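Below is one structure; the comments refer to it alone.
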Amino acid sequence: MRNAFAKEIREQAIKRNDIVLLSGDIGNRMFDSYKEIAPERFINCGIAEANMMSLASGMALSGLRPVVYTITPFTTTRCLEQIKIGAAYHNASILIIGTGSGLSYSELGPTHHSFEDIAILRSIPNLRILAPSDSNELIHQMREALVLDGPTYIRIGKKGEPNIFKESDSLGIGKANLICEGSDFLLIGTGPIINEAIIASNILKSEDIELAVLNLGSVSPLDEESLRREIKKNYKAWIVLEEHSIIGGLGSSILDWLNDINVNNAPRIYKLGIPNTFIHNLGKQAYIRKELGIDVNGICKLVKKIISD
Amino acid sequence: MTLSKFDEMTIDELTELACSIRKRVLRTSSSAKIPHLGSCLSCVEILIYLYWKEMLLDIQNPNNPERDRFLLSKGHAAPVLFQILAERGFYSLDRLNLFGKDGSVFHEHPPQPGYIPGIEAATGSLGHGFSMALGMALAAKIKRQDYKVYALLSDGECNEGVIWECAMLAASNQAFNLTAIIDYNKWQATGRSNSIMALESLLDKWISFGWDAIEIDGHDIYQIEKSFESANSNQDRPTVIVANTVKGKGVSFMEDDNNWHYRTPDNNELRAALIELEENI
Chain A
6 MRNAFAKEIR EQAIKRNDIV LLSGDIGNRM FDSYKEIAPE RFINCGIAEA NMMSLASGMA
66 LSGLRPVVYT ITPFTTTRCL EQIKIGAAYH NASILIIGTG SGLSYSELGP THHSFEDIAI
126 LRSIPNLRIL APSDSNELIH QMREALVLDG PTYIRIGKKG EPNIFKESDS LGIGKANLIC
186 EGSDFLLIGT GPIINEAIIA SNILKSEDIE LAVLNLGSVS PLDEESLRRE IKKNYKAWIV
246 LEEHSIIGGL GSSILDWLND INVNNAPRIY KLGIPNTFIH NLGKQAYIRK ELGIDVNGIC
306 KLVKKIISD
Chain B
9 MTLSKFDEMT IDELTELACS IRKRVLRTSS SAKIPHLGSC LSCVEILIYL YWKEMLLDIQ
69 NPNNPERDRF LLSKGHAAPV LFQILAERGF YSLDRLNLFG KDGSVFHEHP PQPGYIPGIE
129 AATGSLGHGF SMALGMALAA KIKRQDYKVY ALLSDGECNE GVIWECAMLA ASNQAFNLTA
189 IIDYNKWQAT GRSNSIMALE SLLDKWISFG WDAIEIDGHD IYQIEKSFES ANSNQDRPTV
249 IVANTVKGKG VSFMEDDNNW HYRTPDNNEL RAALIELEEN I
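Quick note, the sequences are listed as chains A and B, same order.
The first sequence begins at 6 in my numbering and counts up one residue at a time.
The second sequence begins at 9 in my numbering and counts up one residue at a time.
Pasting the structure below:
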């Protein structure tokens, strides 16, 4: 995903002379080709994220479209106050990219894990919060974010995430996409972890259990229309899958929304995410997903448990 | 769209204006119970010089893209900035009748731009405005615009690590169009700034961070003028003006007394302060 970001931001910087890429001393050779076409519009802001975020606000208020890029914990919670005041309160048109989100940097430990970014940023006004599932969704969201007013945060993975969508698919901010049809259960997922759900849906199908999968790459704004459509399908339950804390993420967001709209046939929600704990026994992303029960097997197990209950 | 300075006033007239601004700040602090009075009184001459002599402004079109920008990074001095902007003509003085009232946009810090003409950024979270100012200065360089950016910092604000992050990046990016002014009144909220954190030598710190640094008496308009002339001649690095000031300047019983960081004058104190200012014109 990060390579798709680098390629797309270069394309945008060729088309538009107001794009400025700010990096927190990361991306080593990744932005070399960007620097070739817009050297004066690339600033390595050093390992100083608070300054980088406020600086981006100042640039946005001066008519530029800054894009802030560094590893997710450092472009979110490390400079949270600067996001709240600089970006959000000023409604500054900044694109904030968090790379290596969730468990993407699993081996690097809790300093580089980000399970709380959505929860915290959801409570800040004016800020769009996006978690694309693949590079194509990311590109669509970037293009849209760069023409909208106000700040956008996009939480991306690292590299090697499989593509789910085609570039020609109808993707973008505030759009949900039904990836797998099914009538028994609905799994709503955000971010690359949705691949686990797609595989789980295929496995369950062979056991005559239908698991629909809805991709929701936009946590804020939510695609309320699509969600209302899904309510009418009267699934046995909804499962919300995210590589984020079960506290305050997409699952909580959907629960809040269901509570607010107060429908009679609101579905039962099961949250499948990271428990409220630090992870001490490290390993590859797939290993930790498995340990936490948020991989293919974990999804299948939960579905069967709901059936047996 | 016309950008202009307000060059006609003499130093004596600016000094008189400083007295008048101080009186209004005192009245507002007393009537609306607005704190940070000492912090407001220490930067009056700096603000007057910036708004009447230094900056290219477009009063009729405050968002003129070519205007010079001022960021009150020490946002808690908003009560004096609001008076300055009104006096300079960004809005009528009548609007300040709502100062401190429920529902008013005029309270203790500058709000998001768009609510009060002339306000460039919402500040009050210390350290924040300075980095925004650098963003504006670098934007001018990228867009090949000639405007200059000024940020007023407090000495206490230099406790914030982000100030030094910003200082280093400004130097590495040759942000010569950025000038920082430090209202060095030697106090912060709860004590002497140099004893809470080792600020000294403040001038040397900035020099070692790659800035041109000038030390002046921040109440001497002539020295303020010379320091900005020096900053404007700089073409390869940013300039900091370390302005030695007196907290509570202009009122003898408030000068260098940090109680006036939070205290507001009662009627007797207000009367005494106004008489003293009047006598000293």
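Glycine included, every Cβ here is placed at the ideal spot set by N, Cα and C.
Since we're looking at a predicted model, the values are computed, not measured.
Chain A contact for G126 (chain B) (CB, 9 angstroms cutoff): no
C-beta contact flag for N240 (chain B) and K149 (chain B) at 9 angstroms: no
Three-way DSSP call (helix, strand, coil) for Y270 (chain B) in this model: coil
Segment contact, 8 angstroms Cβ cut-off, at least three pairs: the region 187 to 201 of chain A with the region 122 to 138 of chain A: yes
6 angstroms Cβ shell around I251 (chain A) - same chain, five flanking residues per side excluded: K276, G278
For R103 (chain B) and G97 (chain B), the rounded distance between their alpha carbons: 12 angstroms
Nearest-angstrom Cα separation, counted from N202 (chain B) out to K82 (chain B): 17 angstroms
9 angstroms Cβ cut-off: residues of chain D touching K151 (chain B): Looking at the structure shown, chain D is missing, and the protein chains on hand are A and B.
9 angstroms Cβ cutoff met for V88 (chain B) and C48 (chain B): yes
As assigned by DSSP and simplified to three states, the class of E168 (chain B): coil
Residue range of the alpha helix (DSSP H) that includes R233 (chain A): 229 to 236
Boundaries (first-last residue) of the beta strand (DSSP E) holding F184 (chain B): Per DSSP, F184 (chain B) belongs to no beta strand (DSSP E) and is neither H nor E.
Interface positions of the region 225 to 252 of chain B facing chain A (Cβ-Cβ less than 9 angstroms), listed along the chain: none
Cα-Cα separation, M64 (chain A) to P73 (chain B): 12 angstroms
Length of the line joining the Cα atoms of R46 (chain A) and H95 (chain A): 22 angstroms
Residues near L108 (chain A) by beta carbon distance below 7 angstroms, same chain, minus five either side: H118, E248, Q290, I293, R294
9 angstroms Cβ cutoff, I48 (chain A) in contact with chain B: yes
Per-residue DSSP class, three states only, for F170 (chain A): coil
Within the region 98 to 141 of chain A, ranges of the alpha helix (DSSP H) (whole runs, at least 4 residues): 122 to 126
Assigned secondary structure, T131 (chain B) (DSSP; H/G/I helix, E/B strand, else coil): coil
Chain B contact residues for A61 (chain A), given Cβ-Cβ distances below 8 angstroms: G143
Sufficient close CB pairs (3 or more, under 8 angstroms) joining the region 224 to 244 of chain A to the region 36 to 48 of chain B: no
Three or more C-beta pairs below 8 angstroms linking the region 158 to 171 of chain A and the region 127 to 144 of chain A: yes
Below-9 angstroms beta-carbon distance, P121 (chain B) vs any chain A residue: yes
Anticipated Cβ contact below 8 angstroms, A206 (chain B) with G108 (chain B), distance rounded: Contact doesn't hold; Cβ gap of about 36 angstroms is too wide.
Residue of B:A147, B:A141, B:N193 minimising C-alpha distance to V170 (chain B): B:A141
Close Cβ partners of F36 (chain A) (< 7 angstroms) along its chain, the five nearest in sequence each way excluded: A11, L26, S28, F47
C-alpha distance - L260 (chain A) paired with Y74 (chain A), whole-angstrom precision: 31 angstroms
Coarse secondary structure for C185 (chain A), derived from DSSP in three states: strand
Reduced DSSP secondary structure (H/G/I, E/B, other) of I304 (chain A): helix
Rounded straight-line distance, which links the Cα of P167 (chain A) to that of N200 (chain A): 8 angstroms
Contact with chain A by V254 (chain B), beta-carbon distance below 9 angstroms: no
Nearest-angstrom Cα separation, counted from S225 (chain A) out to G187 (chain A): 25 angstroms
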